[in-house]
Amino acid sequence: MEYHGLLVLFTVKLLHIYISPEHNYFGHHGKPPGEAPMIEVDEVECVAEKGLVGDRFFGWKEDYKGQVTFFAHEVYERLCEQFQIMGVPPSIFRRNIITKGVDLNTLIGQEFEVQGVRFLGMCECSPCYWMDQAFAEGAEAAMKNNGGLRAKVLSTGALSKES
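Here the sequence shown stands for residues 254 to 416, numbered as in this note's numbering.
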C-alpha cells in the first residue's frame, strides 16, 4: 500500500459485487428480518455522494457514511472455518463489495481509489446481532473489528468484479 498525499493506492481484487433493493436488517429491530435478496452483479455504477445504483442505500440520506460497504474475503474464509460452515456465499453478510488483498480497517479515515473510483473510508461496518441469526451463533462477536468498511463514494464510475 502506498500513500500519495491523501489518496491511498493499493492492489485489491473485487471478488463479488452485491446490491439489494431493500433492507433486511436495517430498521427491523424487534421485527423479523426482511427477505430481499442480495443480487450479485458483474458491474455496478458508483455515483458520487449517492452510492451504488440499484442498492438500498443509494441516495438514502445526504452525506451518509455507508453509501457502500466493503467486506474482506479473508474474514469470510476465517468465519467459515471457525464455524465449520460450507456453501454459504459471502452475500449472507449483506455487504456490497467483497475484496481480497487489503486490510479494510487501514482505510478508515483514508481516501482511496479502486478501479478509478474514489472513496472515503468512514468507519467499521460494525456487526450486529443479526449476524448470529444470518450466519451462526457467535458470528457477531467473531466479527468484532472485522465487520467490513463503510465508505462514501467520492467520484462517479463503474466497478467490475474480477474473474
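Just so it is clear, CB atoms sit at the ideal spot from N, CA and C, and this is done for glycine as well. The model shown is predicted, which means the values in this text are computed figures rather than measured ones.
Beta-bridge pairing of residue i - partner residues as DSSP gives them
i           : result
residue 338 : Bridge partners of residue 338: none, in fact.
residue 318 : Looking at the DSSP assignment, residue 318 forms no beta bridge with any residue, so it has no partner.
residue 299 : 305, 410
residue 324 : 351
Limits of the unbroken beta strand (DSSP E) element including residue i
i           : result
residue 404 : 402 to 406
residue 351 : 350 to 353
residue 266 : 266 to 272
Reduced DSSP category for residue i - H, G, I as helix; E, B as strand; rest coil
i           : result
residue 293 : strand
residue 311 : coil
residue 255 : Annotation note: pLDDT 47 at residue 255 (below 50); position unreliable, no value reported.
residue 330 : helix
residue 344 : helix
Which runs of the beta strand (DSSP E) at least 3 residues long sit entirely within the region 356 to 416? Give them in chain order.
364 to 367, 370 to 377, 402 to 406, 410 to 413
Okay, do the region 374 to 390 and the region 265 to 276 touch, 3+ Cβ pairs below 8 Å being the bar?
no
Between the region 371 to 380 and the region 333 to 342, do at least 3 Cβ pairs fall closer than 8 Å?
no
For the region 350 to 359 against the region 315 to 334, do three or more pairs of beta-carbon atoms, one drawn from each stretch, fall closer than 8 Å, so that the two count as touching?
yes
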